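Structure first, commentary second.
There are 4 protein chains.
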Amino acid sequence: MVIVMAPGATQDDIESVVAVVASAGGEAFVSRGVSRTIIGLIGDVERFAALNLRGLAGVADVVRVSTPYKLVSRDNHPERSTVTVRGVPIGPDTVTLIAGPCAVETPAQTLEAAKMAKAAGATLLRGGAFKPRTSPYAFQGLGEKGLRILADVREQTGLPIVTEVVDAHDVALVASYADMLQVGTRNAQNFALLQAVGAAGKPVMLKRGMTATIEEWLMAAEYIAQRGNLDIVLCERGIRTYETATRNTLDISAVPVVQRLSHLPVIIDPSHSGGRRDLVLPLTRAAIAVGADGVIIDVHPHPEQALCDGPQALVNGDLDELAMIMQEFPKLMSRTLAQGA
Amino acid sequence: MVIVMAPGATQDDIESVVAVVASAGGEAFVSRGVSRTIIGLIGDVERFAALNLRGLAGVADVVRVSTPYKLVSRDNHPERSTVTVRGVPIGPDTVTLIAGPCAVETPAQTLEAAKMAKAAGATLLRGGAFKPRTSPYAFQGLGEKGLRILADVREQTGLPIVTEVVDAHDVALVASYADMLQVGTRNAQNFALLQAVGAAGKPVMLKRGMTATIEEWLMAAEYIAQRGNLDIVLCERGIRTYETATRNTLDISAVPVVQRLSHLPVIIDPSHSGGRRDLVLPLTRAAIAVGADGVIIDVHPHPEQALCDGPQALVNGDLDELAMIMQEFPKLMSRTLAQGA
Amino acid sequence: MVIVMAPGATQDDIESVVAVVASAGGEAFVSRGVSRTIIGLIGDVERFAALNLRGLAGVADVVRVSTPYKLVSRDNHPERSTVTVRGVPIGPDTVTLIAGPCAVETPAQTLEAAKMAKAAGATLLRGGAFKPRTSPYAFQGLGEKGLRILADVREQTGLPIVTEVVDAHDVALVASYADMLQVGTRNAQNFALLQAVGAAGKPVMLKRGMTATIEEWLMAAEYIAQRGNLDIVLCERGIRTYETATRNTLDISAVPVVQRLSHLPVIIDPSHSGGRRDLVLPLTRAAIAVGADGVIIDVHPHPEQALCDGPQALVNGDLDELAMIMQEFPKLMSRTLAQGA
Amino acid sequence: MVIVMAPGATQDDIESVVAVVASAGGEAFVSRGVSRTIIGLIGDVERFAALNLRGLAGVADVVRVSTPYKLVSRDNHPERSTVTVRGVPIGPDTVTLIAGPCAVETPAQTLEAAKMAKAAGATLLRGGAFKPRTSPYAFQGLGEKGLRILADVREQTGLPIVTEVVDAHDVALVASYADMLQVGTRNAQNFALLQAVGAAGKPVMLKRGMTATIEEWLMAAEYIAQRGNLDIVLCERGIRTYETATRNTLDISAVPVVQRLSHLPVIIDPSHSGGRRDLVLPLTRAAIAVGADGVIIDVHPHPEQALCDGPQALVNGDLDELAMIMQEFPKLMSRTLAQGA
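As given, the protein sequences belong to chains X, C, L and Z, one line each in that order. For the record, in the first sequence the residue sitting at position 125 is 776 according to this note's numbering, with numbers rising by one throughout. For the record, in the second sequence the residue sitting at position 238 is 889 according to this note's numbering, with numbers rising by one throughout. For the record, in the third sequence the residue sitting at position 256 is 907 according to this note's numbering, with numbers rising by one throughout. For the record, in the fourth sequence the residue sitting at position 112 is 763 according to this note's numbering, with numbers rising by one throughout.
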């Protein structure tokens with residue numbers, strides 16, 4: 652940590668800072684410049700953070716020089732991790748395709764979507780039973796009934812299930828059906844939920860908050876990791892910007908940035924980021940090429956009847972091209988398409 | 652709702668749209684232009700929304716022309732509302748000062764802050780017992796112990812309490828102590844929490860999500876209102892932008908914009924928006940002058956020891972000027988400073 | 652300047668940095684921590700900036716601790732400045748009202764708007780003869796003919812003229828008519844134009860780029876100041892954010908932030924920031940209350956016929972309230988309404 | 652164009668709108684709903700835009716349903732265009748690599764960088780002689796001397812030159828040396844410059860404004876096209892968002908979005924978007940995979956000595972991997988690497 656003193660800071664101000672740092676067991680190194688003095692701190696960053704150094708007289712700025720996350724940081728875990736979901740790997744050697752309907756609506760629709768997913772190369776099935784919706788008047792999902800449909804479709808297709816949980820107190824219920832718990836973009840700072848999924852004993856897919864910085868996203872992962880669960884897959888799904896041509900702006904650079912900061916796998920959701928069917932395949936290609944460890948894609952047998960996000964779902968006519976992408980692009984990255992157990 | 656057809660849409664495409672609308676009990680008015688056709692829809696908007704019209708062949712865009720919120724809309728409730736918190740009004744005739752410490756730390760600190768608040772003209776006491784923090788390593792609040800401190804200070808000062816709740820399952824506990832429940836910026840789309848506070852029988856202060864549009868904010872209020880609670884005060888607290896000189900960017904225009912769209916009172920938080928003590932008084936003056944129904948301000952007897960957000964808390968030396976602002980500025984707006992019961 | 656070394660930086664890396672700094676005539680202070688080393692630099696910042704220190708092996712980050720602007724900085728000029736435009740002051744003791752039509756359209760419209768402006772308390776007349784427009788098909792202004800109309804209206808009303816210049820090579824022409832040159836938001840990084848207005852010998856109003864940081868805005872002012880012109884008034888006019896309810900988001904906090912960083916006067920444009928007539932008066936009140944040194948407002952006798960930005964212009968029916976605001980609000984700030992020469 | 656009337660609009664209001672539209676030679680189709688009336692307009696959109704319809708009584712909103720650009724629109728030019736720069740194609744059948752130093756510094760550095768570019772597969776040389784810089788104290792480029800260096804290096808290597816022009820009045824000079832004129836991100840709304848390059852008779856590379864919407868970007872291209880020049884290549888180079896881990900956020904979705912709206916080629920700048928060397932190769936792969944028609948990349952023989960943007964330049968050690976990407980990735984897109992004339 653570095654303290655930057657204001658131009659008018661006095662010798663007393665500087666000595667006070669040094670004393671406060673010493674009282675927290677730290678050492679302070681003072682460098683005097685022509686117009687400013689800077690003070691480097693060595694010691695326990697957490698204790699320094701609690702000191703409220705910015706509040707001291709003469710302090711202009713406090714610059715943190717170490718990252719605030721630990722368990723998910725690559726500093727302490729240089730090898731990139733592989734998370735395994737009922738035998739299906741997500742990690743640096745593979746590209747994993749997760750696909751399925753945005754929302755579970757009926758058994759027939761879910762089964763049909765699962766077959767579409769499998770035909771394209773998917774080895775994990777996505778599908779929402781609990782849907783967080785901006786409007787209280789919109790379809791909120793089938794709840795436990797939806798979870799049972801997913802379990803039946805898993806039985807029929809062999810595809811493990813990834814599904815969202817939106818409330819800390821539903822975690823046990825959802826975990827009793829799901830193979831991987833998804834935390835959605837609107838819950839990226841719902842700390843009670845993060846802690847609950849951290850304790851649930853299942854792998855977690857953590858979507859980036861649509862307005863979260865990369866650091867906030869990793870801090871959210873740290874909340875999960877703190878409860879003893881390091882089976883976390885990060886999912887970039889677009890951030891909110893001023894551009895209105897797409898629903899959100901896919902921050903594709905986040906993949907290599909995060910892979911450098913954290914050992915956790917990172918995948919991309921090309922469906923929700925753009926919100927447009929015509930962008931899904933180009934963004935899927937880009938996702939693999941940038942080095943993402945997988946993609947999660949909406950498919951729907953009849954999107955014009957979908958109860959949620961129909962405009963972004965791939966349809967049967969798109970599947971051949973998706974399957975081709977999943978066959979050809981991983982090779983160029985020296986990866987293989989992830990297979991089931 | 653208006654459907655804009657693509658330039659190449661066929662007569663069949665248009666007839667399909669008309670048929671789909673009719674099947675939902677609506678009427679479709681077709682206007683053919685030189686390059687495009689537009690179709691106006693009359694009928695039940697919720698049913699139209701479920702049709703997934705964007706998914707139909709030949710449809711380029713679907714434009715919604717009515718607002719998605721109802722209970723909180725001013726369309727259906729032209730008079731602006733006053734919310735009363737244990738006798739203290741927040742509404743169009745008054746300016747209400749809510750003040751207190753960001754976090755409850757000790758009985759002494761809380762009592763001292765409450766006295767500071769009262770001296771400046773506050774009639775409601777803010778103070779956090781449950782603190783949502785970006786880092787799992789940061790101070791998370793005293794929990795129920797903090798609520799008891801707040802209740803004791805209410806006893807000693809007569810100031811009703813506004814305090815945050817961060818998890819749906821704490822609502823009953825917090826409501827048993829608090830006079831007003833606060834939903835914070837990170838929970839602006841925590842729908843389970845919004846529904847729980849809607850059912851708790853206490854007035855609610857709903858902070859704007861730091862990246863919520865005004866429409867999303869009003870939709871969040873609608874979640875609360877739907878559970879039978881219209882005692883909602885909206886609080887603008889800054890939005891996330893690219894500017895880094897302030898923690899967030901106070902969207903002061905949101906006050907008149909929201910007052911035109913909704914009947915609910917709107918207040919401003921000048922402490923959290925800027926994150927800097929030197930901005931609090933200027934932004935407080937601006938808040939009253941723009942027409943806000945109140946302000947909520949952090950004060951702390953010893954901010955250099957604060958466990959949370961010390962850099963933005965007003966100190967004793969600022970109180971005279973704050974008191975002066977609260978005396979003089981409401982008059983210019985033909986309002987009075989809100990008094991206790 | 653502070654250099655933060657990467658966790659894995661070697662002793663050689665550190666010594667290289669020290670040597671490079673020494674070669675530029677600077678001194679380097681090395682502080683070794685448990686996980687990282689930081690190096691404080693004392694010397695000529697410009698020379699350090701040219702060293703490309705981030706490119707050196709083992710360097711993780713370079714943190715600048717002094718501001719990059721000098722002439723416009725308050726560090727070197729603690730007293731706030733007053734800029735005088737043909738006898739009309741803009742500065743810390745007054746609130747100056749600048750008003751007029753967005754675009755000069757006809758002599759009659761301009762004269763009528765100028766009379767409206769004067770009736771409301773304006774002592775400077777705004778009006779655009781050169782209009783930068785997003786669409787090449789939109790009205791681009793009357794050019795020199797518009798400047799002549801402004802000069803005639805100045806003759807008839809006594810109001811000095813503020814008008815925009817959009818191309819470096821029009822500066823001499825515009826300066827031959829105008830009393831103050833305006834640089835618009837789209838030209839905030841048109842450095843050739845900034846240098847030309849810096850050399851023109853007339854006061855300049857510099858609008859903030861709609862996506863400029865405060866630092867970039869002050870750097871743009873520095874370009875003007877470098878050419879010998881310190882008669883610069885900064886104008887906050889809203890920044891681009893994700894919110895769509897207003898055309899831009901007025902960053903009202905920028906006023907006190909800039910007044911702390913720079914000695915230059917700062918005014919607010921409540922018309923262009925919101926783009927809505929119903930926001931102009933509330934934002935004008937807020938602007939004065941936050942401490943702005945003036946406001947610049949669109950008025951139009953017949954906004955429904957305006958060729959540019961009619962929806963935001965105040966009309967005759969708004970003038971009494973504007974005049975009242977200009978009479979009452981400056982008093983509360985211990986200021987007076989700026990008078991003509 | 653569609654006019655949405657306010658809920659309280661009267662029959663008179665509606666008739667006024669119809670009359671105003673008729674006076675502009677248009678036809679108005681009125682659709683009455685339960686709570687609102689909408690009016691569809693058929694006729695000359697430019698004339699409607701000049702009517703200022705939002706200013707009429709009872710009008711709540713005016714929705715434009717056709718695009719404001721024409722010459723660059725794909726509606727009127729369904730085939731995607733190929734722009735040829737001294738024999739080098741940029742278009743739908745190829746992937747073109749443009750590479751070189753950010754700034755021309757010396758003949759030796761420029762030649763060395765050009766050889767690096769060529770070795771990696773580049774057939775066009777980039778290099779800046781006029782540099783727009785945020786700080787007036789930063790290196791501003793060598794000017795004409797830099798252009799002469801570029802011309803010499805073209806002679807020696809056979810690579811045609813792409814270089815930036817920053818002022819309308821330098822266009823003739825720069826065009827006398829350059830094979831392609833670049834308009835930079837800070838000049839994306841410098842309309843005088845856009846018109847000047849439109850008239851210069853050379854192909855133009857138009858970078859997206861770092862905060863321009865896609866529509867504004869295409870409107871800027873329309874300014875160039877209007878002067879008779881359709882040899883325009885669009886370049887996405889990252890947009891400004893709240894994320895600070897990268898200099899800007901590469902909006903990779905903009906490539907397929909723009910290719911659908913416009914017939915112009917679109918390339919990506921992976922160097923300036925991220926501002927980090929470690930992101931350049933991953934983003935280059937993603938650019939080709941998403942369907943970009945080319946990439947423009949900074950290379951520098953000694954980036955630690957670069958006068959501009961050294962931290963993002965590729966070095967000799969990166970070239971083999973870049974060459975491999977340029978060989979392998981275009982094939983997967985059924986394209987070839989663009990060759991020289």
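Note that beta-carbon positions come from the ideal geometry of N, C-alpha and C, so glycine has one too. The structure presented is a predicted model; accordingly, all values stated were derived computationally and were not measured.
Closest in C-alpha terms to residue 884 of chain X, from the list X:662, X:734, X:695, comes X:734.
Closest in alpha carbon position to residue 946 of chain Z, among Z:796, Z:905, Z:888, is Z:888. Rounded to the nearest whole angstrom, the C-alpha separation of residue 849 of chain C and residue 908 of chain L is 38 angstroms.
The DSSP-derived three-state label of residue 747 of chain L is strand. About 4 angstroms separates the beta carbons of residue 763 of chain L and residue 952 of chain L, which is inside the 8 angstroms limit, making them a contact pair. Looking at the backbone, the Cα of residue 939 of chain L and that of residue 816 of chain C are separated by about 36 angstroms. Among the CB atoms of chain C, one or more fall inside 7 angstroms of the CB of residue 961 of chain X. Straight across, the Cα-Cα distance linking residue 672 of chain L with residue 896 of chain Z is about 26 angstroms. Within the stretch 761-821 of chain C, the complete beta strand (DSSP E) segments of 3 residues or longer fall at 775-777, 812-815, listed in chain order.
Rounded to whole angstroms, residue 683 of chain C and residue 915 of chain C show a C-alpha spacing of 41 angstroms. Between the stretch 840-858 of chain Z and the stretch 872-883 of chain L, the count of Cβ pairs shorter than 8 angstroms is below three; the stretches do not touch. Between the alpha carbons of residue 821 of chain C and residue 781 of chain C lies a gap of roughly 10 angstroms. Within chain L, the residues placing a beta-carbon under 7 angstroms from that of residue 818 of chain Z are 819, 843, ordered along the chain.
A contact is defined here as three or more CB-CB pairs under 8 angstroms, and the stretch 704-713 of chain X meets this definition with respect to the stretch 653-665 of chain X. When C-alpha distances from residue 766 of chain X are compared across X:739, X:984, X:949, the shortest belongs to X:949.
DSSP, read as helix, strand or coil, puts residue 972 of chain Z in helix. The DSSP-derived three-state label of residue 864 of chain X is coil. Annotation: Cβ neighbours of residue 870 of chain C in chain X (cutoff 7 angstroms, chain order): 785, 786. Burial state of residue 955 of chain C is buried, judged by a 10 Å Cβ sphere holding 16 or more other Cβ atoms.
For residue 665 of chain Z, the enclosing alpha helix (DSSP H) covers residues 662-674. Under the 7 angstroms criterion on CB atoms, residue 699 of chain L is classed as non-interfacial with respect to chain X. Residues of the stretch 867-894 of chain Z that bring their beta carbon within less than 7 angstroms of a beta carbon in chain C comprise 891, 892, 893, in sequence order. For residue 740 of chain C, the secondary structure class from DSSP, reduced to helix, strand or coil, is strand. An exposed status is given to residue 968 of chain C, since fewer than 16 other beta-carbon atoms sit within 10 Å of its beta-carbon. Residue-level contact by beta carbon holds for residue 714 of chain X and chain L, with a gap shorter than 7 angstroms. When Cβ-Cβ separations below 7 angstroms define contact, residue 653 of chain L makes contact with chain X. For residue 929 of chain Z, the enclosing alpha helix (DSSP H) stretches over residues 928-941. In the three-state reduction of the DSSP assignment, residue 901 of chain L falls in the coil class. For residue 711 of chain X, the enclosing beta strand (DSSP E) covers residues 710-714. Taking the Cα positions, residue 674 of chain Z is about 33 angstroms away from residue 875 of chain Z. The beta carbon of residue 718 of chain Z is closer than 6 angstroms to those of 724 in its chain, skipping five residues each way along the sequence. Under the Cβ criterion of 7 angstroms, residue 824 of chain C is not counted among the residues facing chain X. Pairing residue 844 of chain X with residue 835 of chain C, the inter-Cα distance amounts to about 15 angstroms.
At the C-beta level, residue 829 of chain C and residue 808 of chain C stay beyond 7 angstroms of one another. Boundaries for residue 846 of chain L: no beta strand (DSSP E) harbours it, while the alpha helix (DSSP H) harbouring it runs 842-849, taken from the DSSP string. Your pair residue 869 of chain X and residue 901 of chain X does not check out as a contact, with CB atoms roughly 19 angstroms apart and the cut at 8 angstroms.
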